[in-house]
Amino acid sequence: MPEVAEVAHICALLRRNIIGYKINKLILQNDSLLFPILKQSNDPIKELNQLNESIVNSIIYSIGRHGKYFWIRLKNINNSTNNEQGILLMHFGMTGMIKIKNISSHLIFMENGGDKKVLKSMKNEELGEEDIEVKKDDEWPPRFTKFEMILEKEGKQLELAFTDPRRLGRIRFLTGDSIGNDNDLLKMSPLDVLGPDYSKSSNNNVKQDKFEFGDPDPDTHGRPRLDIKQFNKLVLSKKKPIKSLLLDQTCFAGVGNWVADEIIFQARLHPEEVLSSKVPYIEDASIDPIVQKLYDSIIYVCEECVRVEGDVTKFPKHWLMIHRWGKARKSQPKPKTGDGYTVDHITVGGRTSCYCPEIQKLLPKLKHEEEEQTSTSSPQPKTIKRRRIKKE
């Protein structure tokens with residue numbers, strides 16, 4: 000599933016290439032899974048035609064993101080007051096992606112053998128420009144295309160496609176005064192229930208006028224990440240494994256399976272660790288170093304993977320991510336990280352988790368818990384049953 004880094008890259012790709020373009024043509028598939036509005040409609044074709052009429056001839060003028068959601072803001076070319084016409088709000092689901100014809104993307108999908116290519120390239124030193132092949136899109140539209148846009152600006156034409164093999168992505172078209180700015184948008188469903196996006200610093204809420212590479216939308220949109228005291232209270236109030244907690248989008252928007260594994264690896268915690276059972280919460284007390292390291296690791300991993308737009312060849316060499324995909328190849332020895340730690344896999348909350356058992360061990364139990372366990376597990380004196388003597 001595309002996570003915070005992959006979504007940030009697609010937003011960056013869009014911001015670099017389609018801002019200011021007019022939507023000349025829109026081709027939509029009649030897919031009620033991808034377009035939830037069609038489920039409620041008695042006439043899906045009519046609904047699609049109305050959607051088409053609302054979007055065609057609009058100008059794309061901004062791109063935004065929060066967690067795994069992203070959006071394209073549109074305005075009407077005939078509206079001199081610059082009032083917005085609407086927002087295309089999107090989520091990739093498990094396999095969704097956006098492609099722009101003949102514009103390359105560095106995203107490598109590790110699940111489909113991409114890990115072999117990355118590891119091979121890293122063994123042959125870092126990829127140079129001459130090693131990157133820019134292939135033209137001979138097949139267009141791509142397979143599994145769900146909608147297409149034909150864009151035009153100053154005589155230049157671009158073609159864009161949203162692809163989704165498993166049809167778990169979602170696209171909504173929103174209009175009205177309630178989405179006048181991105182802060183208001185985050186108050187709308189389904190964004191209203193999301194937690195903060197930890198790739199965004201509270202001190203960086205202004206987009207650059209000229210964008211080249213990195214975070215295409217660093218604004219928190221009114222939902223900044225928690226400070227360390229708030230984070231401490233949240234984490235120590237949850238009675239669930241840290242892996243499951245990090246995947247909770249109401250707490251950590253944008254964190255998915257590989258990002259969670261990387262955070263836990265950097266924090267040197269076991270994926271099954273339940274911090275609330277090992278670290279006591281005491282209000283106004285100093286922050287436990289374990290909690291502080293977890294907090295710092297979340298910010299570090301999220302910021303860094305967005306900074307390089309999810310380009311795995313630019314991840315730090317001591318990261319776990321590029322070594323985590325070898326589970327299926329049982330005939331081969333277990334992979335090792337760049338620092339030589341053996342990589343293994345376990346299932347936590349129904350999700351495969353990658354970790355290094357040598358350095359990610361369960362924390363010792365709290366002292367009072369050990370005493371309680373000792374007292375409950377100590378042998379009890381046996382009750383001697385009185386023997387009945389039979390009278391003769």
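If you count the sequence shown from 1, position 19 lands on 18 in numbering that gives the first Met the number 0, and the numbers rise without skipping.
For glycine and all other residues, C-beta sits at the position ideal for the given N, C-alpha and C.
This one's a predicted model, so the numbers in the text were calculated from it and none came from an experiment.
- In this structure, DSSP gives residue 347 an extended state, which the three-state scheme calls strand.
- Nearest in C-alpha terms to residue 313, of all of 163, 259 and 107, is 107.
- Between residue 308 and residue 8, the C-beta spacing is below 8 Å.
- Residue pairing from DSSP places residue 90 in a beta bridge opposite 68 and 169.
- Pairing residue 25 with residue 148 gives a Cβ-Cβ distance under 8 Å.
- The distance from the Cβ of residue 358 to that of residue 352 is about 15 Å, inconsistent with a contact at the 8 Å cut-off.
- Excluding the 5 residues flanking it on each side, residue 198 has same chain C-beta neighbours closer than 6 Å at 3, 301, 302 and 305, in chain order.
- In the three-state DSSP reduction, residue 261 falls in the helix class (H, G or I).
- If you ignore the 5 residues before and after residue 143, its C-beta comes within less than 7 Å of the C-beta of 162, 163 and 164, all in its own chain and listed in chain order.
- Apart from sequence neighbours up to five positions away, the residues of its chain that approach residue 278 with a beta-carbon distance below 7 Å are 235, 287, 289 and 290, ordered along the chain.
- For residue 352, the beta-bridge partners assigned by DSSP are 345.
- With contacts defined by Cβ atoms closer than 8 Å, residue 157 and residue 100 form a contacting pair.
- Of the residues 270, 30 and 119, the one whose Cα lies closest to the Cα of residue 44 is 30.
- Spatial neighbours of residue 171 in its own chain (CB-CB distance under 6 Å, excluding positions within 5 residues in sequence) are listed in chain order as 88.
- Counting C-beta atoms within 10 angstroms of its own C-beta, residue 48 has fewer than 16 neighbours from the protein chains shown and is therefore classed as exposed.
- Our two residues, residue 66 and residue 251, have alpha carbons roughly 8 Å apart in a direct line.
- If you draw a straight line from the Cα of residue 293 to the Cα of residue 363, it is about 17 Å long.
- Counting of Cβ neighbours within 10 angstroms places residue 269 among the buried residues, the total reaching 16 or more.
- Straight across, the Cα-Cα distance linking residue 184 with residue 84 is about 14 Å.
- Out of 283, 145 and 61, the CA that lies nearest to the CA of residue 96 is found in 145.
- In the three-state reduction of the DSSP assignment, residue 75 falls in the strand class, which pools E and B.
- Ranked by Cα distance from residue 63, the options 10, 160, 179 and 105 are led by 10.
- Taking residue 1 as the centre and dropping the five residues before and after it, the same chain places the C-beta of 91 closer than 6 Å to its C-beta, in chain order.
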